[in-house]
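Have a look at the structure below, then the notes.
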Amino acid sequence: MTVPTLEERMAAVEAEIARLKRERPAPPTEQPWWERIRGTFKDDPAYEEAMRLGREYRESLRPQGDEDDNGC
Numbered sequence: 002m003t004v005p006t007l008e009e010r011m012a013a014v015e016a017e018i019a020r021l022k023r024e025r026p027a028p029p030t031e032q033p034w035w036e037r038i039r040g041t042f043k044d045d046p047a048y049e050e051a052m053r054l055g056r057e058y059r060e061s062l063r064p065q066g067d068e069d070d071n072g073c
């Protein structure tokens with residue numbers, strides 16, 4: 002059995018590195034959760050109703066007499 006030369010060993014290492022780079026999955030792109038669901042509910046009547054009901058509920062929790070506020 003012959004001992005591989007330094008050049009042969011380096012070629013084997015480089016080939017293995019190239020193989021590992023090809024097999025490595027791409028790193029996941031980290032997006033905020035709200036960007037991943039953006040547009041999901043566009044033109045969805047159920048979503049619009051849920052938003053309306055939520056707004057009505059929040060408004061019902063306000064003390065009476067706060068109608069003069071700036072809408073916040």
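Counting from 2, one number per residue, gives the positions in the sequence shown under my numbering. Quick reminder that beta carbons are idealized off the backbone N, C-alpha and C, glycines included.
6 angstroms CB neighbourhood of residue i in its chain, flanking five on each side removed
i      : result
Pro-29 : none
Element boundaries [alpha helix (DSSP H), containing residue i]
i      : result
Glu-79 : Given a span of 2 to 73 for the chain in the structure shown, any question on residue 79 remains unanswerable.
Pro-46 : 46–62
Ile-18 : 7–24
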